[in-house]
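FYI, full-length UniProt numbering numbers position 40 of the sequence shown as 40, with every residue one higher than the one before it. Ideal placement from N, C-alpha and C gives every residue a C-beta, glycine not left out. These figures come from a predicted structure and were not determined experimentally. Comments concern the structure below.
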Amino acid sequence: MGRKVTNNQFIRKFPFKKEMPKEDIELLADKYMTEQGDIHFMGMHNDISEVTSHEAPPFPRRDLILKPDHSEWSQSRITAVDKIRSKAVEKRVRLYEHFQDFDPLRKGFCTASQVKTVFTILNLAKDIGRVDFEQLIPMYTCDDGLFCYKDFCADVDREFCVPNLERDPLAQTNMPDASSTMAARRNKVQLTHDRLAQWNLLQVKITSKIKKSRINLLPAFKDMDKTNNGHISVNQFYRVMIANGFPSFSEEEVVLLFNIYCDIGNHLDYNYVDFMKSIDVPDEEVEIAMAQLQAPYQGENPAQYFDARGKVIRMSEDRLLC
């Protein structure tokens with residue numbers, strides 16, 4: 001019968017000679033020795049297989065454990081309609097026509113899934129979370145369960161147009177400005193009065209240091225901002241401050257700075273533009289010069305009363321008749 005070897009072959013081919021002493025190997029040989037004096041190695045293999053797990057080893061993984069954030073953000077205080085209105089103004093998108101694609105009878109109603117599809121088409125779905133969507137749907141849902149997109153679009157389009165404007169020709173309307181989109185573009189941490197008072201003291205200390213030493217931090221911040229979006233990481237901000245001679249901030253001061261100027265809904269992106277406007281306020285002449293430098297080009301207006309030699313331009317007969 002196969003699957004047997006001699007005693008010498010078993011001891012010579014045993015794979016764990018370095019891990020086990022010779023006495024233990026001989027003890028194993030005695031346990032699986034047959035009546036003919038051979039070693040039944042297959043019996044030892046079967047005994048070991050009974051206690052050995054045949055399952056595949058677990059796949060290595062690293063679970064994401066998020067640190068709990070107890071901060072209260074500014075966007076948590078605005079409604080879903082205000083957030084969508086701000087995003088619609090910012091991206092200059094029209095909602096009504098896309099909703100009509102799902103409403104061939106033009107009744108002004110659609111399903112909730114079609115609302116989500118419209119937001120995805122307009123690239124608004126990533127800006128509207130699950131909580132906002134669940135808050136929005138009941139606001140415009142009728143008794144039959146359909147979403148009244150006509151009323152929803154009317155509320156959103158208030159920033160674009162004024163209803164029945166043709167009935168009042170002398171009415172003046174205001175164009176959307178930066179404040180119309182601020183609710184969607186900025187998401188700051190809501191601080192208490194005590195924390196704001198602490199920030200005022202820290203701001204005075206930083207401003208005094210900049211005025212006394214005449215430190216220009218803006219070029220250093222721009223070197224870190226490769227994408228030129230006005231934000232850098234918190235580590236880059238800390239490196240710039242240390243490199244320009246500012247003392248090491250305490251942990252409480254660092255957290256306070258990040259809570260003030262991390263304004264896009266996380267604690268990682270620091271708005272150095274607003275930081276510079278608050279601690280290094282430019283003079284009035286500098287602001288005027290910067291406004292003139294960034295203004296669009298305006299050509300030279302010709303004189304209306306004098307020619308190039310300084311003589312009065314005679315008025316034409318047509319203008320005299322008018």
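- Within the model, the alpha-carbon separation for Ile-242 versus Ser-248 is close to 7 Å.
- Per DSSP, Tyr-270 is not a residue of any alpha helix (DSSP H); the beta strand (DSSP E) it occupies stretches across 269-271.
- Proximity to Phe-152 across Arg-185, Leu-136, Ser-180 peaks at Leu-136, based on C-alpha coordinates.
- For Val-93, the secondary structure class from DSSP, reduced to helix, strand or coil, is coil.
- In the DSSP assignment, Ser-233 falls within the beta strand (DSSP E) that extends over 231-233.
- Along the length of the region 202-283, whole beta strand (DSSP E) runs at least 3 residues long occupy 231-233, 269-271, reported in chain order.
- Residue state for Phe-306 is assigned as strand, using DSSP reduced to three classes.
- Cβ contact annotation for Met-276 (same chain, cutoff 6 Å, sequence separation greater than five): Leu-218, in chain order.
- Look at Cys-142 here: in three-state DSSP terms it is coil, with no helix or strand label.
- Contact between Asp-263 and Ala-183 does not hold, since their C-beta atoms are separated by about 12 Å, which reaches or exceeds 8 Å.
- Buried is the label assigned to Lys-188, since at least 16 other Cβ atoms lie within 10 Å of its Cβ.
- Phe-246 is not a Cβ neighbour of Tyr-272, given a cutoff of 8 Å.
- Rounded to the nearest whole angstrom, the CA to CA distance from Ile-84 to Cys-142 is 20 Å.
- With fewer than 16 other beta carbons inside 10 angstroms of its own, Lys-226 counts as exposed.
- With three or more CB-CB distances shorter than 8 Å, the region 166-182 counts as touching the region 83-98.
- Cβ neighbours of Tyr-140 within its own chain (closer than 8 Å, five residues either side excluded): Phe-147, Cys-148, Tyr-149, Asp-151, Phe-152.
- A contact is defined here as three or more CB-CB pairs under 8 Å, and the region 59-73 fails this definition with respect to the region 97-104.
- In this structure, the CA atom of Lys-205 is about 20 Å from the CA atom of Phe-221.
- Trp-73 is bridged by DSSP to Val-189.
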